[in-house]
Amino acid sequence: MKKRRKLKKKRILILFLFLISILILGGIEIMKKENNTSKQTNTSSKKNMEKKEEEKIKNTDKSLEKAPKNAKEFDALSDGEYLTEKGYTLTIKNKIAKIEGNIIANKTYKLPTDYQPENPYQKITTERCNNCIDKTAYEQFKLMQSDAIALGLNIYISSGYRSYQYQVNLYNKYVATSGVVGADTYSSRPGYSEHQTGLCFDLNSIDDSFKDTPEGKWVHENAYRYGFIIRFPKDSEKYTGYQYESWHLRYVGEELAKKLYQNNEYISLEEYYGITSSYE
Ligand SMILES: [Zn+2]
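Quick look at the structure:
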């Protein structure tokens, strides 16, 4: 009898332990599931927020006329608002094109002949002037320059603001040596040069050797922190209409510059905004 009772007790104990372990395991599974669902809701709500933010920036008014495809179309447009391929609003006012407040000057978007930087660091009195670029852009450059100096690097502006007339002479000189087709790949026709905006500059040697110097490498990796972008990035000729220029920096502000620097490369304004850069 005693033996049988013992056996019964043992069986009950085993059954009890079995039930307990099932309960524990079940509980763990439920907790895991709950955790996953809350994670999923978190990421999806984050995605929704990002989407909404994007929609805020982009214009949803599809009734707007499309942004011009080339310089000829731009010339024919009157002041107003236009829709880019990526859904941004392009505003033309006094024949000056802007997206999100950023002036666009490229092969499609021409500047008026008499256009000058609105707020230059130094008053413009000459056809070309390196510190006559936009005040904020210049101050940001000085900051970048002093950080570079601290690392033993020497960066300096070799070409800043250039007037329409200066570009006439420069472009004609290039056409004389390279022809129109050749000159158009590396120089701008008068009015289409970003240098007239006072928001850009060329650094140091103004040639391909710059990208391999310690200065060129550091500028590539750090310019965005000061609000600058490499305006004509590698492999972007189909968007920008220009060869890669490691030395030509454009000021767009830190917020946009950070968006345009991804995986150690720069995205051009043309690709990002969905606009063209084409004379014809
Ligand atoms: Zn340049």
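In my numbering, the protein residues as written are 1239 to 1518.
Just so you know, even glycine gets a beta-carbon here, dropped at the ideal spot from N, CA and C.
Residue i: CB within 8 Å of a non-hydrogen atom of ligand 1
| i | result |
| --- | --- |
| H1486 | yes |
| E1432 | yes |
| F1448 | no |
| E1475 | no |
| E1483 | yes |
| C1438 | yes |
| S1515 | no |
Same chain, Cβ closer than 6 Å to residue i, neighbours up to 5 away in sequence not counted
| i | result |
| --- | --- |
| I1505 | L1498 |
| T1478 | F1470, S1506, E1508, S1515 |
| Q1360 | N1369, C1370 |
| Q1378 | Y1464, G1465 |
| N1308 | T1346, S1516, E1518 |
| R1366 | R1400, Y1404 |
| I1341 | T1435 |
CB of residue i within 9 Å of CB of residue j, strictly
| i | j | result |
| --- | --- | --- |
| F1439 | S1484 | no |
| Y1482 | S1515 | no |
| K1345 | Y1430 | yes |
| Q1434 | L1487 | no |
| Y1402 | D1352 | yes |
| G1512 | G1325 | yes |
Sequence-distant residues of its chain with Cβ nearer than 7 Å to residue i (five each side left out)
| i | result |
| --- | --- |
| A1218 | A question about residue 1218 goes unanswered here, because the residues of the chain that appear run from 1239 up to 1518. |
| A1421 | Y1409, Y1412, V1413 |
Cα-Cα separation, residue i to residue j
| i | j | result |
| --- | --- | --- |
| Y1510 | T1423 | 21 Å |
| D1445 | G1417 | 19 Å |
| N1442 | K1455 | 13 Å |
| T1329 | F1312 | 12 Å |
| N1502 | K1380 | 23 Å |
| E1493 | P1452 | 26 Å |
Close-in-space but distant-in-sequence residues of the same chain around residue i (CB under 8 Å, 5 per side omitted)
| i | result |
| --- | --- |
| N1368 | I1395, S1396, S1397, G1398, Y1399, F1439 |
| L1302 | E1319, Y1320, L1321, T1327 |
Requested in this report: Can you check the segment 1381-1424 for any beta strand (DSSP E) of at least 3 residues that lies completely inside it and give the ranges in chain order?
Outcome: 1395-1397
_Entirely enclosed beta strand (DSSP E) segments - the segment 1413-1491, minimum 3 residues_ = 1438-1441, 1466-1470, 1483-1489
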